[in-house]
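Heads up: the protein sequence lines correspond to chains A and B, in order.
The first sequence runs 1 to 252 under the numbering used here.
The second sequence runs 1001 to 1091 under the numbering used here.
All C-beta atoms in this analysis are idealised placements derived from N, C-alpha and C, irrespective of residue type, glycine included.
Worksheet: the structure to be examined is printed underneath.
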Amino acid sequence: MSRGVRLALFGIAGPGLAAVLVIAFTGLPDFGAYHGIYGQVLTGIGVSVRHATDLVTALNFDIRGFDTVGEEFILFSSVVGVVLILRELRGEEEEVHQEESDEHHFAGASASLRALALGLVPSAITVGIYVVVHGQLTPGGGFQGGVILAVGPLAVFLAGRYMSMKALAPTVLVEIGESLGAAGYALVGLGGLIFVGVFFKNFIPLGIPGHILSAGQMPLASIAVGLEVSGAFLVGWTQFFDQAMIIQGGEQ
Amino acid sequence: MTILQIAALAAVAIGGGAVVAAPDPLRQVIVLGVYGLSLTVLFFVFQAPDVSLSEIVVSTVGLPVMVLLALRKVREHELEQEDHDEQEQEG
């Protein structure tokens, strides 16, 4: 198809789509104008029945905890897929370029950038842990905290040392963390099945709303998801790093 | 809808266009990160702080790192291919 024909086709289809979209958007309800019963019931029971002040976490880890199992294993299996695709192939070899992998230099990476990156390591880990354990109280939770946790070791790489990043987060350790997190979350659900007879029904005392150990199974589920997510991201990044920095060659 | 929300929507619309318009993949990654930040603001002003928290880390750190490393690998492959071709021409 020539450029002229394509432009003519777009000339007809583009405005048509725009017109339909404008008609559709004008018919949308206003922001915040939600009248569904499900949402109103949930806002009503978040604090009173589940003792969680963050409703999103209550939804993810308790009321619809079963959905989160699916989401978690989507992440888990996609990381397994990345590991499988980016494995060391026949004809490729692991070759550590000392000067590059041990201490690679970004163009213009200064001492101040390195200092900043190293300062980022403890702060990212602290914020990550905070977000994970306060999931049931404030916005955040296992997923958000898990990704922030994973940024900690990554900052070591920003400081210019990939091999040191591997020392801080060894592949075996992050793989174990990922698997433990995934298994732990499923175990929280199984706990409900064993102790109260329903998969993912809360079986832990609810505590006082607003306290860090409250909302029953939510802190536990949040920690499990946090482990899984930070492990998953680190495993994924490590695979990409290995490909870019260590694995050389391949069948031509 | 408040002015803040309209501004955030506009920023996302412009940012999305900028990501598509960026010619060089390397620069595109940085534009993508900035676009992610505008999405973060959008989620926040639309009262979804949980989503906002996920978005800020994934879009500004998680995704750019993967794209950058993939770009590096591709470039390395291209360089090798060029060396290979040159050798064949000489031989």
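8 Å Cβ cutoff met for residue i and residue j
i: GLY191 (chain A); j: ALA224 (chain A); result: no
i: ILE148 (chain A); j: VAL131 (chain A); result: yes
i: VAL254 (chain A); j: GLY236 (chain A); result: With chain A covering only 1 through 252, there is no way to say anything about residue 254 (chain A).
i: LEU1042 (chain B); j: VAL1012 (chain B); result: yes
i: PHE1046 (chain B); j: PHE31 (chain A); result: yes
i: ALA124 (chain A); j: VAL151 (chain A); result: yes
i: LEU86 (chain A); j: ALA232 (chain A); result: no
i: ILE208 (chain A); j: LEU220 (chain A); result: no
i: VAL83 (chain A); j: GLN239 (chain A); result: yes
i: LEU118 (chain A); j: ALA159 (chain A); result: yes
i: GLY140 (chain A); j: ASP1050 (chain B); result: yes
i: VAL20 (chain A); j: TYR185 (chain A); result: no
i: GLY177 (chain A); j: SER230 (chain A); result: yes
Close Cβ partners of residue i (< 7 Å) along its chain, the five nearest in sequence each way excluded
i: GLY81 (chain A); result: none
i: ILE1014 (chain B); result: none
i: THR138 (chain A); result: ASP54
i: GLN243 (chain A); result: LEU86
i: GLY1016 (chain B); result: TYR1035
Backbone secondary structure at residue i - three-state DSSP
i: GLN1107 (chain B); result: There is simply no residue 1107 (chain B) to check, as chain B begins at 1001 and stops at 1091 in what is shown.
i: ARG87 (chain A); result: coil
i: SER1054 (chain B); result: helix
i: HIS1077 (chain B); result: helix
i: TYR185 (chain A); result: helix
i: MET1001 (chain B); result: coil
i: GLY152 (chain A); result: helix
i: MET218 (chain A); result: helix
i: HIS1084 (chain B); result: helix
i: ASP30 (chain A); result: coil
i: SER101 (chain A); result: Any answer about SER101 (chain A) is weak, because its pLDDT of 47 lies below 50 and its placement is not dependable; what the coordinates show is given next. Here SER101 (chain A) sits in helix by DSSP.
i: ASP54 (chain A); result: coil
Cα-Cα separation, residue i to residue j
i: LEU1026 (chain B); j: TYR1035 (chain B); result: 15 Å
i: ARG64 (chain A); j: THR57 (chain A); result: 10 Å
i: GLY108 (chain A); j: ARG114 (chain A); result: Low local confidence applies: a pLDDT of 49 at GLY108 (chain A) is under 50, so the model's placement there is unreliable, with the coordinate-based value given in what follows. For GLY108 (chain A) and ARG114 (chain A), the distance between alpha carbons rounds to 11 Å.
i: GLN136 (chain A); j: LEU168 (chain A); result: 29 Å
i: VAL188 (chain A); j: GLY210 (chain A); result: 22 Å
i: ALA1070 (chain B); j: LEU9 (chain A); result: 35 Å
i: GLY39 (chain A); j: ARG6 (chain A); result: 46 Å
i: ASP1083 (chain B); j: ASP1024 (chain B); result: 23 Å
i: ILE212 (chain A); j: PHE61 (chain A); result: 15 Å
i: ALA111 (chain A); j: GLU72 (chain A); result: 39 Å
i: ILE194 (chain A); j: GLY44 (chain A); result: 28 Å
i: ALA1008 (chain B); j: HIS134 (chain A); result: 28 Å
i: LEU234 (chain A); j: GLU228 (chain A); result: 10 Å
Cut-off 6 Å between Cβ atoms - residues of its own chain near residue i, not counting five sequence neighbours on either side
i: PHE66 (chain A); result: PHE200
i: ALA1022 (chain B); result: GLN1028 and VAL1031
i: GLY1033 (chain B); result: THR1060 and PRO1064
i: PHE106 (chain A); result: In this predicted model, PHE106 (chain A) has a pLDDT of only 48, less than 50, meaning its place in the structure is not dependable; the value taken from the coordinates is given anyway. Once the five neighbours on either side are set aside, PHE106 (chain A) has no close Cβ partner at all.
i: MET165 (chain A); result: PRO153, VAL156 and PHE157
Sequence-distant residues of its chain with Cβ nearer than 8 Å to residue i (five each side left out)
i: GLU99 (chain A); result: Confidence at GLU99 (chain A) is low in this model, with a pLDDT of 49, below 50, so its placement is unreliable and no value can be given for it.
Beta-carbon neighbours of residue i, restricted to chain C and to distances below 8 Å
i: LEU154 (chain A); result: No chain C appears in the structure shown, which is made up of the protein chains A and B.
With a threshold of 8 Å, are at least 3 pairs of Cβ atoms found where one atom belongs to the region 1053-1061 of chain B and the other to the region 138-146 of chain A?
With a cut-off of 8 Å on Cβ pairs, the region 1053-1061 of chain B is in contact with the region 138-146 of chain A, counting three or more such pairs.
Do three or more CB pairs link the region 207-216 of chain A to the region 42-54 of chain A at distances below 8 Å?
The region 207-216 of chain A makes contact with the region 42-54 of chain A: 3 or more CB pairs, one atom from each, lie closer than 8 Å.
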